[in-house]
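K.L.:
Attaching a single structure in structure tokens format; questions to follow.
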Amino acid sequence: MNASAELLDVPTRIANFPFPFAKDSYRYSTNVEPAGTPARTAAGEWGKHTIEIDENYHHELAERTRILASDASRYQSLPHMMPAQWDAMISIMRMLAESYPDSMSLERDGTAWIWRNGLLDTEQRFVVGDLGTLPIDPLRFATNQIQEDVVLLDQREGQLWGDAGVVTFAADWSLRFDVGMSFLQIHGPVPRVHAEGIVSRAQSFLMRLEPGERYRRTNWTLTVDGKLDTSTETYPQWGPDRTSLAQGPLEDVGDRLFLRVEVQHLIRLATSGSIMFLIRSYLLPLRDIASVPVWAQRLHAVLDDLPEDMADYKGITKTRGPAMEWLRAHAGVGS
Ligand code: HEM
7 MNASAELLDV
17 PTRIANFPFP
27 FAKDSYRYST
37 NVEPAGTPAR
47 TAAGEWGKHT
57 IEIDENYHHE
67 LAERTRILAS
77 DASRYQSLPH
87 MMPAQWDAMI
97 SIMRMLAESY
107 PDSMSLERDG
117 TAWIWRNGLL
127 DTEQRFVVGD
137 LGTLPIDPLR
147 FATNQIQEDV
157 VLLDQREGQL
167 WGDAGVVTFA
177 ADWSLRFDVG
187 MSFLQIHGPV
197 PRVHAEGIVS
207 RAQSFLMRLE
217 PGERYRRTNW
227 TLTVDGKLDT
237 STETYPQWGP
247 DRTSLAQGPL
257 EDVGDRLFLR
267 VEVQHLIRLA
277 TSGSIMFLIR
287 SYLLPLRDIA
297 SVPVWAQRLH
307 AVLDDLPEDM
317 ADYKGITKTR
327 GPAMEWLRAH
337 AGVGS
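Here the sequence shown is numbered in my numbering, starting from 7 and rising by one per residue.
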């Protein structure tokens, strides 16, 4: 049986999952690679499109709308970021139209543009720079079309600054807290990366990106009950889940605990010169991870090997033990 025939039976949520580990050990690094080419995994592939639309499209957009309605601070933009917002919106629409030509298009009509999104059954005519031609700010409008969170970074004084964003699915951080901070300040809480020069190397790399250049990287953690909104703001709603998982029955772990992987794209916007940071979050329960034996083995090895300070920062000190125990009991790991 060849590889593609083998893949026929794999559900798309597993086949397209960006399993992030290439080795049995995980440490921080400036892990960036050029975007746009599919990355193979043991179950399939991911990364063909910079912006990915999947079967959760309508559900995740509804989640974003609900979260923004209950907490408007998930959208932040310093006043000088409006040109970058327009630039980001056009760039997002172009990528969508290129990747999904059957349902999306962006056309020019004199000084105006016409955006069509057949999946949402919407059409919007607008003039770049004229806020009156959009129902909401450009970055808000753009993030109503995609599952990705977006941060826009201004480049000035030899540094990058996180000066705008729409972030509804943060993994234990807060855009409201971070807005206006430098790239180095934003990464302040992360252990190891400062002493090892990872953050300053990443910033130098990003500052050298040419207009239109796109790179990508992944990041990961463990999340209980598949919640996308694990922002600092809603900690009381999701923080106790870690304890309840650790104290609950082992049988529940396969369905309650998820490997959360972020696919992050880094793109230099051509007109404003800002960097657009797209964060797409994928969640797969351990039960699905267990259906791909090499993933189960590898996740177990990575969790087992992860140093305490990194596990602590990722918020998985309570859940990694149950994760490993469940993988040993139900995924044949270690046998
Ligand atoms: C090559 C580029 C980058 C590298 C190598 C990098 C590296 C990292 C690492 C290693 C972490 C810790 C993650 C974890 O253990 O879960 C982190 C967290 C984070 N990164 Fe980055 N990052 C990059 C780009 C960016 C960009 C462009 C932003 C945009 C604002 C950003 C915002 C953040 C935030 C908000 C956190 C969480 C910090 C907190 O706990 O408050 N990163 N990053």
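We treat Cβ as the ideally placed atom computed from N, Cα and C, and that holds for glycine. Bear in mind that the values here come from a model prediction, so they are computed numbers and not experimental data.
Over the uninterrupted alpha helix (DSSP H) stretch that includes V300, give me the two end residues.
P.N.:
First-last of the alpha helix (DSSP H) with V300: 299-311.
K.L.:
If you check the beta carbons only, do H271 and R286 fall under 9 Å apart?
P.N.:
Yes, the pair counts as a contact, with Cβ atoms nearer than the cut-off.
K.L.:
At a threshold of 8 Å, does I281 count as lining the ligand FAD (C-beta to nearest heavy atom)?
P.N.:
No copy of the ligand FAD occurs in the structure displayed; its ligands are the ligand HEM alone.
K.L.:
The alpha helix (DSSP H) spanning V205 covers which residue range?
P.N.:
Looking at the DSSP string, the run of the alpha helix (DSSP H) that includes V205 is 204-213.
K.L.:
Pick from V16, Q303, S237: whose alpha carbon is nearest that of F183?
P.N.:
The shortest Cα separation from F183 among V16, Q303, S237 belongs to S237.
K.L.:
Mapping the DSSP letters down to three states, classify I285 as helix, strand or coil.
P.N.:
In the structure shown, I285 sits in a strand (DSSP, three-state: E or B).
K.L.:
Quick one: what does DSSP say A347 is sitting in, helix, strand or coil?
P.N.:
Since the first and last residues shown for the chain are 7 and 341, residue 347 lies out of range.
K.L.:
Counting pairs of beta carbons, one from the region 98-117 and one from the region 45-60, are three or more of them closer than 8 Å?
P.N.:
Touching, yes.
K.L.:
Roughly how many angstroms separate the alpha carbons of Q130 and W121, rounded to a whole number?
P.N.:
Distance between the alpha carbons of Q130 and W121 is about 5 Å.
K.L.:
So, under 8 Å CB-CB, L190 and Q209 are touching, yes? Tell me the CB distance rounded to an integer number of Å.
P.N.:
Yes, L190 and Q209 are in contact; Cβ-Cβ is about 7 Å, under 8 Å.
K.L.:
In the DSSP output, what is D160 paired with across the bridge?
P.N.:
Beta-bridge pairing links D160 to W167.
K.L.:
Flag this pair as touching only if the region 265-285 and the region 143-151 have three or more C-beta atom pairs under 8 Å; answer yes or no.
P.N.:
As far as the Cβ criterion goes, the region 265-285 does not touch the region 143-151, which means the pair count is below three.
K.L.:
Take M213 as the anchor and find which of S83, N22, H336, S188 has the nearest alpha-carbon.
P.N.:
Selected option, being the one with the closest Cα: S188.
K.L.:
Does the separation of the CB atoms of N37 and T227 fall below 9 Å?
P.N.:
Contact: no.
K.L.:
When DSSP labels each residue in this structure, what does E66 get in the three-state scheme?
P.N.:
Looking at E66 - three-state DSSP - the assignment turns out to be helix.
K.L.:
Taking contact to mean at least 3 C-beta pairs separated by less than 8 Å, is the region 323-333 in contact with the region 250-265?
P.N.:
Short answer: they touch.
K.L.:
For the ligand HEM, I want to know if H193 counts as a neighbour, meaning its beta carbon is within less than 8 Å of at least one of the ligand's heavy atoms.
P.N.:
At least one heavy atom of the ligand HEM is nearer than 8 Å to the Cβ of H193, so yes.
K.L.:
Give the DSSP-derived three-state secondary structure of V267 in the structure shown.
P.N.:
Three-state DSSP puts V267 in a strand.
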